Amino acid sequence: MKNRALKYSVGFAVAGVLITLLIAYVERDTINTYERNLPYISLGDNLKNRVTKAHLWFEELLAGDASVNYEKDVHKAFTTSRDILQGAYDGKETELGLFEIHDDEDTKAILKEGIIILENLMASAQERINHKPQAAAPVQTDSTGAIIATPPSVDNVGPALDEKFDREYEAFQSKMDQLITHVNKSVKSDASYINTLAWISIPLVGLGVLGLCLLLYKLQRSSDALVAVNTERLLQQNDEKAAVMTFIEAISSGNYGVELGLKEADNLGTTMISMRDKLRRNAEEDRRRNWSNTGIAQVGEILRTTNISTTELYDNIIRFVVKYTKSNQGGMFVLNEENEQDKYLELVACYAFERKKYLHKKVGIGEGLVGQSYLEGQKIYLLEVPEEYISITSGLGGSNPNALLLMPLKVNEQIYGVLELATFGKYEDYEIGLVEKLAETIASTISTVRINESTRELLEKTQQQAEEMRAQEEEMRQNMEELEATQEEMRRKEKHIQNMLDGEKHRNEISQKNRRAQMELTKNNDVQSGNWNAAIEKITSTIATQIHVSRCGIWSFNNTRNKLTSDKLYTLSNRSFSTGAEWLAKDYPGFFEAITSEEVLAIKDVASHAATRELHAGYLRPNGVASVLNVPFFNEGRIAGIISCEQQGEAKEWTEEDIEFLKSCSDLVTVAYNTMKINTMVEEMQSTQQTLQAVIDNIPRAIFWKDKDLRFQGANRIFAQVAGVRSPRELVGLTDFDMPWKDHADAYRKDDLTVIESRKSRMDQEERNVNSAGTESWVLTSKVVITNQHGEVTGVLGMFEDITDRKHRETDTQMKLQELEALKKTLGAKG
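Remember, our numbering sits 1033 above the position in the sequence shown when you count from 1.
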């Protein structure tokens, strides 16, 4: 029997190893093929984009854009593209990855031709830039700031060179398209080979499973024979049964110190004693685990319910940690980054804390044990505390603690502060482990508070797991009471418990999978940057795939018009998106009342539920929707919309994991929605600024404005021409001492300060000015103060126009009047 079972086991083990090796070979070959082809897949598109960008810069350079540099923006792009092609041809490392030397002669030929064409394109570009027409003459202005036109130059060689350059460019684009087609064909061939190997491994796995089933069947038959023998043996153990039952009942009631009252210790007695010892250890581990989970859950409750201020949150956290760990004193230090040049740890909360050196609540990085723990990112546990370091005091006196624990508040390798605890006793390893977990949770909360994100999900899931573990413990106690039955019944109970453990393992796997999906969404660039359409497409498709639901959509709530609008609806079956559907509150008042109550709607039967009964006829039934799960998301404390999951066909029982995952995604939607709103406001502000600049540029006067330090903050184009710069942006940050009229800068600045300090406008005052050509002129100047919405002066706005010609005419007129007056006097004297 044993030899036969051994042969079966060895045979199936060998078969399993062979199948595993085949599967491993397929997997490794797939990975190697992907890594080998990845640089080639992106090569063509990358080079096309680079050369196209260089081509556009080159066209702008030829068009006269002075901001484009040929060597930096055009030639460098061509050279980089040529180096990448050469690296691919030689099988070297490039910025696109490592290119392996390709055995395919067609690929090498295409790469070589691409290099030649690109070198021709570079030569054409160089030849064209050498024949570029001379730059336009500098802009000349008269005394009024008007631009004096100069005749344009004629270029007869440029068109032919442009045509040659464009031919080389089109040839390179065509050759890259040929390379892309060839690489795709090669990748398809490799994929076909891997697919064949995969189909071969599938039947082999099936044969292995079938053989294993036959082996198990034979072993079960042998087991049945043994059961008959054991039944006879049970009849001989009647005398021992009473002692065993008493022993089991004591263990079932939680008395793990009971002794087994058997006269002779046999295998059963040894097993029962071993079971008792294991249960006692498991009970102690469960107690410690429940203690840790309860502590984490209670901290999570504090973090979730404390919404008044961060100070109250920190106070609640340190008060709970000190009491829960039975410490006598504690303090929380958080990194203060208000001044990048002077970062320090600030004591933001304490419990029974009295320390002279921390009177100002400030600790430098690396200073003392607290600063050292932050700097090293490691916990510090001392059982011999220095005499003068810390003292725990009361009304009757004070004494040094016996143990000191400093735990850095670290999450994702980022440290946000240090948690310090002191006690007259000692900290056990599991207590230190709990403090370490709490420190990570607190660090995550601090990070979340600073970036306006919530960590309620992790704490709620931890609390849920603790409740599930308590439920499992209750089931295990019930199973222990059923040990009074026969050994066959005990085996049945063990099988039942194993099934429950498998189910719990499955739920934990789902939770882990959901957490990984949530982390991927959190890291998504579109979600973080507020790219609304791309972000909600990623979120809805991830939700539908993760919880296996037919459709998932994001609906925005318009509070003023009382309607819901579908921003994005993802269908899993065809992986497509749709938008535009609307629900009005007047048509579905019951549903809108349920939504605006800000509650989660997990509905298995939409036809019978009060909240969705109104939607059933007009929307749910035509679309075949049987179950829905709606979770709201918020903006500025008010509901901004919902995430709606729709299950088509058969009804779906929504699990706690589904609801928790959707709540987490709701927080991400809130972040993306708020970021999108902020981006929209910034774009509107930029558009307004551009419009204002365009209006100012078209005013026929020179206009400028300065801040309170009399530094230029902006101007129109006329003022920029007078100042001798190409763009108003070049004036930002400069002063009158940097201008052509720097000899008169003190007088101008004194006049500006007089307007700012008196808050009185000065209108149409004549001043002498010097323009960018060094010519002295007369200007008519007006200045007013600039104030903010609070009435505070933030700068001065000035404008002027050139009145030199008028002043000259007035001077000429005055001189002629004086000459006429002198002539009258002469004539009067002669008469």
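Ideal placement from N, C-alpha and C gives every residue a C-beta, glycine not left out.
Treat the numbers as computed from the prediction; the structure is a model and nothing was measured.
Item to check | Under the three-state DSSP convention, the category Leu1856 falls into | outcome: helix
Checklist entry - When you compare only the Cα positions, how much space is there between Glu1435 and Pro1419? => result In the sequence as displayed, the identity of residue 1435 is Asn instead of Glu. Taking the straight line from one Cα to the other gives about 10 Å.
Checklist entry - How many whole angstroms separate the CB atoms of Pro1072 and Phe1132, which I take to be in contact at a CB cut-off of 8 Å? => result 5 Å
Checklist entry - What is the DSSP secondary structure of Trp1687, counted as helix, strand or coil? => result coil
Checklist entry - Cα-Cα, which of Gly1747, Glu1201, Pro1236, Tyr1103 is closest to Ile1056? => result Pro1236
Item to check | Buried/exposed call for His1164, threshold 16 Cβ in 10 Å | outcome: Around the Cβ of His1164, a 10 Å sphere holds fewer than 16 other Cβ atoms; the residue is exposed.
Next on the checklist: Only counting the same chain, and skipping five residues up and downstream in sequence, which positions put a Cβ closer than 8 Å to that of Pro1622?
Outcome noted: Glu1647
Next on the checklist: Within the continuous beta strand (DSSP E) that includes Glu1409, where are the two ends?
Outcome noted: Counted as a single uninterrupted DSSP element, the stretch harbouring Glu1409 is not any beta strand (DSSP E) but the alpha helix (DSSP H) occupying residues 1401-1409.
Checklist entry - Taking the alpha-carbon positions, what's the Leu1392 to Gly1399 distance? => result Here the model assigns Leu1392 a pLDDT of 45, short of 50, so the residue's position is not dependable, and the following value carries that caveat. Roughly 18 Å between the two C-alpha positions.
Next on the checklist: Taking the alpha-carbon of Ile1819 as reference, which of Leu1408, Asn1323, Ala1644, Gly1831 has the nearest alpha-carbon?
Outcome noted: Gly1831
Checklist entry - In chain order, what residues of the same chain lie with their CB nearer than 6 Å to the CB of Thr1708, ignoring the 5 residues before and after it? => result Gly1563
Item to check | Given Lys1741 as reference, the closest of Lys1783, Arg1762, Thr1327, Gln1722 once Cα atoms are compared | outcome: Lys1783
Item to check | Buried/exposed call for Cys1029, threshold 16 Cβ in 10 Å | outcome: Any answer about residue 1029 is impossible in this case: the structure gives the chain only from 1034 up to 1864.
Next on the checklist: Give the list of continuous alpha helix (DSSP H) stretches no shorter than 4 residues that lie fully inside the stretch 1546-1584.
Outcome noted: 1558-1562, 1565-1580
Item to check | Residue(s) in a DSSP beta bridge with Arg1795 | outcome: Lys1816
Next on the checklist: Looking only at its chain, what residues have a beta carbon closer than 7 Å to the beta carbon of Leu1129, apart from the 5 residues adjacent to it on each side?
Outcome noted: Pro1072, Ser1075, Leu1076, Asn1079, Ile1117
Checklist entry - Exposed or buried, Trp1565, counting other C-beta atoms within 10 Å across all chains shown (16 or more means buried)? => result buried
Item to check | Alpha-carbon spacing of Trp1616 relative to Ser1589, whole angstroms | outcome: 10 Å
Checklist entry - Can you name the start and end residues of the beta strand (DSSP E) that Asp1740 belongs to? => result Per DSSP, Asp1740 belongs to the beta strand (DSSP E) from 1735-1740.
Next on the checklist: Taking the straight line between their C-alpha atoms, what separation do you get for Thr1478 and Ser1114?
Outcome noted: 46 Å
Checklist entry - What do you get for Leu1856, buried or exposed, if any count of 16 or more other CB atoms within 10 angstroms of its CB means buried? => result By the 16-neighbour rule on beta-carbons within 10 angstroms, Leu1856 is exposed.
Checklist entry - Identify the residues that DSSP records as bridge partners of Asp1835: which are they? => result Val1812
Checklist entry - Among residues of its own chain, excluding the 5 on either side of Thr998, which ones have a beta-carbon nearer than 8 Å to its beta-carbon? => result Residue 998 lies beyond the residue range present for the chain, which begins at 1034 and ends at 1864; the question has no answer from this structure.
Item to check | Cβ-based burial, Arg1654 [other Cβ within 10 Å; buried from 16] | outcome: Exposed, because fewer than 16 other Cβ atoms sit within 10 Å of the Cβ of Arg1654.
Checklist entry - Just the Cα atoms here: how many angstroms apart are Ala1048 and Gly1241? => result Approximately 7 Å, taken between the alpha carbons.
Item to check | Ser1544 vs Glu1334 beta-carbon contact at 8 Å | outcome: For Ser1544 and Glu1334, no; Cβs fall outside 8 Å.
Item to check | Secondary structure of Met1772, DSSP reduced to three states | outcome: Met1772 falls in the coil class under three-state DSSP.
Next on the checklist: Can you find the residues in the same chain that come closer than 6 Å, C-beta to C-beta, to Ala1614, ignoring five residues on each side of it along the sequence?
Outcome noted: Ser1599
Checklist entry - With distances taken between CB atoms, is the gap from Met1772 to Ala1756 smaller than 8 Å? => result yes
Checklist entry - Whose C-alpha, out of Ile1530, Ala1231, Ile1143, is nearest the C-alpha of Leu1054? => result Ala1231
Next on the checklist: If distances are taken between C-alpha atoms only, which option among Thr1787, Arg1744, Tyr1407, Phe1457 comes closest to Gln1362?
Outcome noted: Phe1457
Next on the checklist: In the DSSP assignment, the beta strand (DSSP E) including Glu1379 goes from what residue to what residue?
Outcome noted: Here the beta strand (DSSP E) through Glu1379 covers 1377-1384.
Checklist entry - When DSSP builds the beta bridges, which residues end up paired with Ile1587? => result Residue pairing from DSSP places Ile1587 in a beta bridge opposite Lys1601, Ile1676.
Next on the checklist: Using 8 Å for Cβ pairs, my map puts Gln1211 next to Ile1143. What's the rounded Cβ distance?
Outcome noted: 6 Å
Next on the checklist: So, with DSSP's three-state summary, where would you put Ala1182?
Outcome noted: Any reading at Ala1182 is ruled out, since the residue's pLDDT is 45, under 50, leaving its predicted position unreliable.
Next on the checklist: On the criterion of 16 or more Cβ atoms from any shown chain inside 10 Å, does Asn1558 qualify as buried, or is it exposed?
Outcome noted: exposed
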